[in-house]
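Have a look at the structure below, then the notes.
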Amino acid sequence: MVHPTLFYCYRGGRLFKKWLIRAMAPARSWLNIKYIVHVLVIFLSFVVVSSNIQAREQPTISGSLGQHSILSRVSGREMEDLVVEEAGPVEFVKEVSYLGAQAIRPKAESLGQVMSGNGDPATDLLIESLPPSIILNAVRVQTDLLAADESVRTRTQVIEHIVEAGENVGSIAHRYNLQTNTILVANDLSARSVIRPGQKLRILPVDGILYTVKKGDTILSIANKYKSTAEQIMEFNDLADAGALSIGQSLILPGGKLPAPAPAPAPALVTTNLRQVFSPATGGGSGRLLWPTSARRITQYYKRSHLGVDIAGPVGTPIYAADDGVVTFSSWNNGGYGRMVIIDHGNGLHTRYAHASRNLVQNGDVVKRGDVIQLMGSTGRSTGSHIHFEVLSGGIYNRVNPFDYIQ
């Protein structure tokens with residue numbers, strides 16, 4: 000049997016359910032409208048547009064920006080205490096050359112004048128609104144500029160620079176706003192020169208040349224020789240007139256350049272006639288020949304296919320005159336002998352010394368037995384360092400066995 004209390008509770012619940020269904024019926028029919036989404040979009044758009052129109056009509060300053068927005072109304076006073084600190088605009092200083100005339104500026108105002116604003120209310124208000132950190136930075140910058148203004152001046156004299164560790168000619172030239180070649184020429188250096196810490200270098204005030212006046216020099220001749228102008232030289236060196244020069248005076252030639260070195264003369268080509276080579280000479284040798292070198296190793300003997308003696312030795316080994324005589328040929332031979340010397344001994348004998356690395360005598364030299372005339376080498380048609388030694392007797396083509404004459 001069901002308890003009466005449970006029965007009444009169940010009955011009451013069913014009655015409440017029926018009443019709730021009847022009460023919610025109108026709302027369910029309204030939510031089922033086909034265009035409910037479109038209506039909501041239009042309503043929200045209207046609210047946003049109205050809010051923007053109201054914001055434009057109200058005066059806006061940096062301190063009240065956003066205070067009348069919907070977000071401000073929703074959040075209440077939570078955002079009213081937010082303070083945003085902004086730095087003033089950053090000014091960039093244009094770079095100038097420390098050596099140029101534009102680097103000389105009038106002395107800047109004192110710090111008190113700068114910070115006072117010179118009586119301008121707008122400037123005073125701006126300074127008062129700046130944070131202390133920005134004011135301190137401005138003080139430091141102003142102090143640095145004042146120090147730079149005192150130290151920067153256009154140079155007109157040559158100064159001395161002491162090389163520091165890590166410096167090179169290029170970095171020093173960049174430091175003084177000069178070309179590298181100006182530093183090199185002023186200090187007699189080349190592109191391969193090495194500078195070391197502690198070394199002293201002369202530094203010109205401008206690109207050009209430091210010149211010492213010599214006897215007979217004039218402003219015009221100096222300007223023409225070193226590609227400068229007389230006007231620049233006189234103006235830069237503060238010369239009253241073109242004749243105000245003294246021997247030993249140092250001049251700075253602005254823009255000057257060293258003249259190009261003269262080309263080396265081409266070596267003279269010796270074209271001695273063979274008959275002149277073997278012409279008779281005054282005086283004569285003993286007829287008995289000296290071994291022509293300190294080396295002793297023979298690599299080829301005299302034979303029909305090889306009309307001489309080859310004696311091998313290190314490059315640079317001395318070669319001696321086999322007897323007294325006169326040098327009739329000392330040059331390069333295009334016939335395969337390379338560097339060659341021929342000596343006329345005046346008794347019908349000539350000796351030839353070939354393939355040398357260097358000749359030490361010249362045509363016409365009088366030599367004595369045992370004089371060093373060459374250094375051994377391997378020039379011409381040669382397969383190694385050696386001397387090819389020939390003895391010629393009774394004619395320019397009559398080559399005989401050297402061992403018949405060597406003591």
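Going by numbering that gives the first Met the number 0, the first residue of the sequence shown is number 0, and it counts up by one from there. Glycine residues also receive a C-beta, built at the ideal position from the N, C-alpha and C atoms.
Legend entry - Reduced DSSP secondary structure (H/G/I, E/B, other) of R368: Working through the sequence shown from its first residue, we reach residue 368 at position 369. R368 falls in the coil class under three-state DSSP.
Inset, instruction - Please confirm whether L288 and D322 have their CB atoms less than 8 Å apart. - result: Taking the sequence shown and counting its residues from 1, one reaches residue 288 at position 289. Taking the sequence shown and counting its residues from 1, one reaches residue 322 at position 323. Yes, these two residues count as a Cβ contact at 8 Å.
Legend entry - A320 and G369 closer than 8 Å at C-beta: Here residue 320 refers to the residue found at position 321 when the sequence shown is read from its first residue. Here residue 369 refers to the residue found at position 370 when the sequence shown is read from its first residue. In this structure, G369 lies closer than 8 Å to A320 by Cβ.
Legend entry - Segments assigned beta strand (DSSP E), at least 3 residues, entirely inside the stretch 174 to 223: Fully enclosed beta strand (DSSP E) runs of 3 or longer: 199 to 202 and 207 to 211.
Legend entry - Nearest-angstrom Cα separation, counted from L209 out to A190: Your numbering for residue 190 matches position 191 in the sequence shown. Your numbering for residue 209 matches position 210 in the sequence shown. Looking at the two C-alpha atoms, the distance is approximately 18 Å.
Legend entry - CA-to-CA distance, I372 to H305, given in whole angstroms: Taking the sequence shown and counting its residues from 1, the one referred to as residue 305 is at position 306. Taking the sequence shown and counting its residues from 1, the one referred to as residue 372 is at position 373. Spanning the two alpha carbons is a distance of roughly 23 Å.
Legend entry - Beta-carbon contacts of I310 that lie in its chain and below 8 Å, excluding the five residues immediately before and after: On the sequence shown, position 311 is the one that residue 310 refers to. For I310, where only same-chain residues beyond five positions count, the Cβ hits under 8 Å are P291, T292, A294, R295, R296, I297, T298, H385, I386 and F388.
Inset, instruction - Name the one or two DSSP bridge partners that M375 has. - result: Within the sequence shown, residue 375 is the residue found at index 376, counting from 1. Note: M375 sits in no beta bridge, so no partner.
Legend entry - Simplified DSSP assignment, three categories, for P317: The residue given as residue 317 occupies position 318 in the sequence shown. It is a strand residue.
Legend entry - CA-to-CA distance, S377 to A411, given in whole angstroms: Nothing about residue 411 can be read from this structure; the chain reaches only from 0 to 406.
Inset, instruction - Starting from Q231, follow the alpha helix (DSSP H) in both directions and report where the run begins and ends. - result: If you number the sequence shown from 1, residue 231 lands on position 232. In the DSSP annotation of this structure, the continuous segment of the alpha helix (DSSP H) that includes Q231 starts and ends at A229 to F235.
Legend entry - Where S304 sits in the DSSP three-state scheme: Looking up residue 304 in the sequence shown gives position 305. Looking at S304 - three-state DSSP - the assignment turns out to be coil, as it is neither helix nor strand.
Inset, instruction - State whether the stretch 157 to 172 contacts the stretch 180 to 188, with contact taken as three or more CB pairs (one from each stretch) at a distance under 8 Å. - result: Output reads yes: the stretch 180 to 188 touches the stretch 157 to 172.
Inset, instruction - Under the assumption that R351 contacts L374 (Cβ atoms under 8 Å), give the Cβ distance between them as a whole number of angstroms. - result: Here residue 351 refers to the residue found at position 352 of the sequence shown. Here residue 374 refers to the residue found at position 375 of the sequence shown. Cβ-Cβ separation between R351 and L374: approximately 16 Å, too far for a contact (criterion under 8 Å).
Inset, instruction - Within its chain, find whatever has a CB closer than 6 Å to the CB of Y225; leave out the 5 residues flanking it on each side and keep chain order. - result: The sequence position of residue 225 within the sequence shown is 226, counting from 1. The residues are I208, L252 and G255.
Legend entry - For G312 and S192, the rounded distance between their alpha carbons: Counting from one through the sequence shown, the residue named residue 192 turns up at place 193. Counting from one through the sequence shown, the residue named residue 312 turns up at place 313. Across the structure, S192 and G312 are spaced so that their CA atoms are roughly 38 Å apart.
Inset, instruction - Using alpha carbons as the reference points, say which of N223, N236, T217 and A222 lies closest to I246. - result: Position 247 of the sequence shown, counted from the first residue, corresponds to residue 246. Restricting attention to N223, N236, T217 and A222, the CA atom closest to the CA of I246 is found in T217.
Legend entry - Reference G197, options E159, L238 and Y301, closest by Cα: Taking the first residue of the sequence shown as position 1, residue 197 is located at position 198. Considering only E159, L238 and Y301, the residue with the shortest C-alpha distance to G197 is E159.
Inset, instruction - From the DSSP output, in three-state form, read off A353 for me. - result: Counting from one through the sequence shown, the residue named residue 353 turns up at place 354. A353 falls in the strand class under three-state DSSP.
Inset, instruction - Quick one: using the 10 Å Cβ neighbour count with 16 as the cut-off for buried, is T4 buried or exposed? - result: By one-based count along the sequence shown, residue 4 stands at place 5. Result: exposed.
Legend entry - Same chain, Cβ closer than 7 Å to R195, five either side skipped, listed in chain order: Taking the sequence shown and counting its residues from 1, the one referred to as residue 195 is at position 196. Closer than 7 Å at the Cβ level, and outside the excluded window around R195, lie V162.
Legend entry - Proximity below 8 Å, CB of S330 to CB of V360: Your numbering for residue 330 matches position 331 in the sequence shown. Your numbering for residue 360 matches position 361 in the sequence shown. Against a cut-off of 8 Å, the Cβ pair of V360 and S330 comes out as no contact.
Legend entry - Presumed contact (8 Å Cβ cut-off) between L203 and L177, rounded CB distance: The count along the sequence shown starts at 1 and reaches residue 203 at position 204. The count along the sequence shown starts at 1 and reaches residue 177 at position 178. Going by Cβ atoms, the distance from L203 to L177 rounds to 7 Å, so yes, they are a contact pair.
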